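>
In this note's numbering, the protein residues as written are 411 to 504.
(1) Going by beta carbon distance, what residues of the same chain come within less than 7 Å of residue 442, once the five residues before and after it are set aside?
(2) Is it right to say residue 471 is buried, meaning 16 or more other beta carbons lie within 10 angstroms of its own, or is it exposed?
(3) Helix, strand or coil for residue 464, going by three-state DSSP, please let me know.
(4) Since residue 491 contacts residue 419 with CB under 8 Å, what's their CB separation in whole angstroms?
(5) Taking 6 Å as the limit between beta carbons, can you name the residues of its chain near residue 440, skipping five residues before and five after?
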């Protein structure tokens, strides 16, 4: 089955949650996001690409935050926004 563009967003949201829970590293998540961006560029998927293009930079900023509480809040905010985008995409496709 060929993944829909919004499937990549769902994966990123789930990985962000894993980072918040301490089950994933920010560096690995950043690499995965960059891989997804390359896939979406190759597929010509502009709709979702605009949403996730800046995520690696956001993760880079989060990696520099030393206070773990603030770092988790930052990641949670990113996850919440992406979750809303996924819901919107699913609503439009229905």
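Yeah, the Cβ is synthetic: ideal placement off N, Cα and C, and Gly gets one too. Just so it is clear, the structure is predicted and the values come from calculations on it, not from any experiment.
So, from the listed chains and residues:
(1) 425
(2) exposed
(3) coil
(4) At roughly 10 Å, the Cβ-Cβ gap does not stay under 8 Å, so residue 491 and residue 419 are not in contact.
(5) 466 and 469
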